[in-house]
Amino acid sequence: MELFDTLRQDLRLVVRTFIRQKAWTAVAVLTLALGVGANSTLFTVINAVLLKPLPFANPDRIVSISESDKGVDQLTVGSTTFADWQRSQRSFESLAASSGASTIIRGRDAAEDVSGARVTGNYFSVFGVAPARGRTFTADEDRKGGPSVIVLSDQLWHSLFGADPGVLGKTVSLDGKPSTLIGIMPASFTNERRAQYWIPLAITHTPGITFFYSVIGRLRAGGSMAVARSELTRIQRAADAPAGVDQRAMTPVLMTLHERRYGDTRTPLLVLLAAVGVLLLIACTNVANLLLARSARRQKEFAVRVALGAGRARLVRYLLTESIVLSLLGGALGFLIPVAATGYIVRIGPKALSLADQIAVDWRVAAFTFAICLATGVLFGLVPAINAGRADVSIALASGSSRATSSRAQRRYRDILVIVELATALVLLTGAGILTNSFLRILSIDSGIRPEHVLIAEPSLSRTKYPGVSATRYLDPFIARVRSLPGVRSVALADAAPLGGIRMSLVDNNAPGHVKAPSVDVVVADTAYFSTLGITLRSGRLFSHDDRGSSPPVGVVNEAFVRVLFPTANPIGQETRGGAAGKTIRIVGIVHDVLQRGIEASASPTIYTPLAQNEVDGSMTVLVNTAGDPNELAAPIRQIARDIDPAQPLPTLTTMERAMADAVAPRRFSFLLLGVFASTAALLAAIGLYGVMAYLVTERSTEIGVRVALGADRARVLGMVLGEGMRLTSVGIGIGFGASLFAARLLRQLVYQVSVYSPWTFSLAASLLAAIAFVACSVPAWRATCVDPMVALRGE
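First residue of the sequence shown? That's 48 in the numbering used here, and the numbers climb one at a time after it.
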């Protein structure tokens, strides 16, 4: 009880002290809130993405399987290989396959274009998840010609059917075709495709035709991925390879489902967690410096307490209580940061973050915040508390001056803390500089198009109502009306937009001297495609209205196509077999390379073929070039879609600039967050240095007054204070430079075509920190020149 009474007394005294010293308390609490809040925010994301197990039975045994072609993960498995594995493997309880699906589902009130998946009958059992209502597919349903059935996600059940429990067994309109609703999955079930519905895959094996699936498997109890990989490799090598496939170049890729989902985010998140840990360390050193300065001013108070019977252990315990309460106040305020900032981080982050379920503040985040508050309270309070407990009572009581004075040890501790702040701030500034250099390099990539003023519209048409070429009944009036809108300069139709999905075709060049390539990208587009996107013609001509279905097939190729397939010959007028239909095409033009597969993927060989010589379907993309802001056309285009066919879902609209911004989102995520953390660290380090130098001026005001009285001019006083501050800065930058060289290695996976050891980046970061430190030292140094020697000496 005595311990609790003592603690209660300490807490009352701490509260009274903090209320009495509001400004000092506010600075310390805000400093800690920044450090604790940043850590809690990153932990909120890491908890959901890296720490929280997937909501499946024994998720560590669920394996994602794909094929690698010459070291490049294809992310899928060919149908023939899947059949061989399924028939012969013994390492897995079962293997399941899936492929993407997108269709129009009509619910009670409206039609909606929904992403789903075609899956094998054992798909849900691999996950170990049973439906919340109803059932999943039977073997009879998972076959060609089987009954048309569908399983819905909990979200789609709520949005389309209002969570009506009576919908099971009823008919759902699936792209105009009736399907029986047989099951509803639990809300916690999310798969790698984020599907909202599932229908049977009904695999059929057709000789000469290969389909590609995503494959998952559940390892047998006690099994290992190494053994499973070896077994699948052996089966693959022994099987007959499809025509044109080098089986020796294909190898199985196995990884846990968690790694497949979030593997690309692991390194950036851990690097950022290290950065916020450094930020918290800087915040702690700042508060420790505040406490050291404060304890120097309270020496006489501590001496009186000891003289009146308070033991040194009691004094240390009281000061630790003070620092822990301070950290808890900072943590309580900092806890508001993840509540406010988590949603924004998910929005600017990589797409993998959006796959994580419920990235939100929960009890784990609260426990983590409380733990780091206790740890930081002890960390920044221990040295000042021990220092105060060692104070010489007789000297403190004998001193007649009320001026704060520090011992040599206290000054040394404050110097060390400032050096640590500056060094760690330099590490973060250097890291931010490296990522900034990388991000600027990505932004300078030539995409091959002019994305400004381009709007992308993707209509979602029912394959039942608009099968194949009948999609023109919708697309022709849609394009005509969009073209007539004010501000529209041109409208193009293609089967793929830059940075979007692409289909490939085998290419066969038989002419002497030509190089054979296994495949190229194929884009089917109309005559306005190149002008709408601003793609530059290098040689020859583009499509014309004379290139119709009755005329010989022609194609336009990009420069990468020429480099790979015609390295020594002029391709204009040459023929190549390929394109969307695998027919012989005469090359009539060469255009500038366009980044079709991604902003960081080098341009691949591409053939552009005229839309008039190919079949149009409902999966086409409409590209609109506008004179002003393309977003202003969103509402009119949606209204046009409603007028043409109100039964169809509205087209998906985005701008080309938005698509390019999404392509660089992972690197922008790391760049922005580390930049914010580095800027905050530099600010805190500057505040810490300012505080030390300001206290130094206050503590040495008598000495400065004597120097001035003896003839020292202002320039010498200014140089003395600035010299002390820049001495600490030089030591901090020197240590930080060495630490930055070590830390830069952690950023190798996060940069694009830049060196993490760029001398310009290191020099710029050091120069920036030195400039910030110089400004922080200048204010106390100027104050020192204004010390009145008469006032300073009279104070003694």
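Virtual Cβ for every residue (Gly too), placed ideally from N, Cα, C.
Query: With H, G and I counted as helix, E and B as strand and the rest as coil, what does DSSP make of Pro385?; Result: helix
Query: Is the separation between the beta-carbon of Gly722 and that of Ala479 shorter than 8 angstroms?; Result: yes
Query: In the region 162 to 231, which residue ranges form an unbroken alpha helix (DSSP H) of at least 4 residues, counting only runs that do not cross its ends?; Result: 170 to 174 and 201 to 208
Query: Would you mind sorting Leu142 into buried or exposed? The rule is 16 or more other CB atoms within 10 Å of its CB.; Result: buried
Query: Can you have a look at Ala285 and say buried or exposed, based on whether 16 or more other CB atoms are within 10 angstroms of its CB?; Result: exposed
Query: Which residue from Lys630, Ile634 and Pro600 puts its Cα closest to that of Glu606?; Result: Ile634
Query: Can you pull the DSSP bridge partners for Ser141?; Result: Arg265
Query: Measure the CB-CB distance between Gly636 and Gly581 and report whether it falls below 8 angstroms.; Result: no
Query: Please report how far the alpha carbon of Leu215 lies from the alpha carbon of Pro698, in whole angstroms.; Result: 30 angstroms
Query: Rounded to whole angstroms, what's the CA-CA distance from Ala728 to Asn105? Just pull it up for me.; Result: 42 angstroms
Query: What would DSSP say about Phe259, mapped onto helix, strand or coil?; Result: strand
Query: For Arg510, name the three-state secondary structure that DSSP assigns.; Result: coil
Query: Is DSSP giving Lys630 helix, strand or coil here?; Result: strand
Query: If you pair each beta-carbon of the region 310 to 320 with each one of the region 128 to 145, do three or more pairs fall below 8 angstroms?; Result: no
Query: Could you give the residue range of the beta strand (DSSP E) that holds Leu301?; Result: Met297 to Thr303
Query: Flag this pair as touching only if the region 126 to 139 and the region 204 to 218 have three or more C-beta atom pairs under 8 angstroms; answer yes or no.; Result: no
Query: Alpha carbon to alpha carbon, how far is Val571 from Thr653? Give it in angstroms, no decimals.; Result: 11 angstroms
Query: Name the two residues that bound the continuous alpha helix (DSSP H) containing Arg705.; Result: Met703 to Ala710
Query: Since Asn484 and Thr808 are thought to touch, with beta carbons under 8 angstroms apart, how far apart are those beta carbons, to the nearest angstrom?; Result: 6 angstroms
Query: Please identify the residue among Val465, Leu490, Val166 and Leu642 whose C-alpha is closest to the C-alpha of Met740.; Result: Val465
Query: If you follow the beta strand (DSSP E) that Ala234 is part of, which residue opens it and which one closes it?; Result: Element bounds for Ala234: n/a, residue is neither H nor E.
Query: According to DSSP, Trp245 sits in a beta bridge with which residue or residues?; Result: Ala164 and Val198
Query: Would Arg847 be called buried (16 or more neighbouring beta carbons within 10 Å of its own) or exposed?; Result: With the chain represented from 48 up to 843, any question about residue 847 goes unanswered, as that position is not in the structure.
Query: Which same chain residues end up closer than 7 angstroms to Val412 when comparing Cβ atoms and leaving out the 5 residues on each side of it in sequence?; Result: Ser87, Phe90, Thr91, Asn94 and Pro385
Query: Taking the alpha-carbon positions, what's the Val801 to Arg795 distance?; Result: 9 angstroms
Query: Where do the ends of the beta strand (DSSP E) carrying Gly587 lie?; Result: Leu584 to Gly587
Query: Please state whether DSSP places Arg536 in a helix, a strand or coil.; Result: strand
Query: Excluding sequence positions up to five away, which residues of its chain have a Cβ less than 7 angstroms from the Cβ of Thr583?; Result: Val638 and His639
Query: Out of Ser271, Val196, Leu765 and Phe382, point me to the one whose CA is closest to Leu228's CA.; Result: Val196
Query: Have a look at Asp692 and Asp542 and give me their C-alpha separation to the nearest angstrom.; Result: 21 angstroms
Query: For Ser537 and Thr579, which I take to be in contact (beta-carbon distance under 8 angstroms), what is that distance rounded to the nearest angstrom?; Result: 5 angstroms
Query: How is Asn86 classed by DSSP in three states: helix, strand or coil?; Result: helix
Query: Quick one, are the C-beta atoms of Val711 and Ile646 less than 8 angstroms apart?; Result: yes
Query: Give the DSSP bridge partners of Asp120, in chain order.; Result: Ser115
Query: Specify the secondary structure class of Ser277 as computed by DSSP and reduced to three states.; Result: helix
Query: Tell me whether Val798 sits in a helix, a strand or coil according to DSSP, three-state version.; Result: coil
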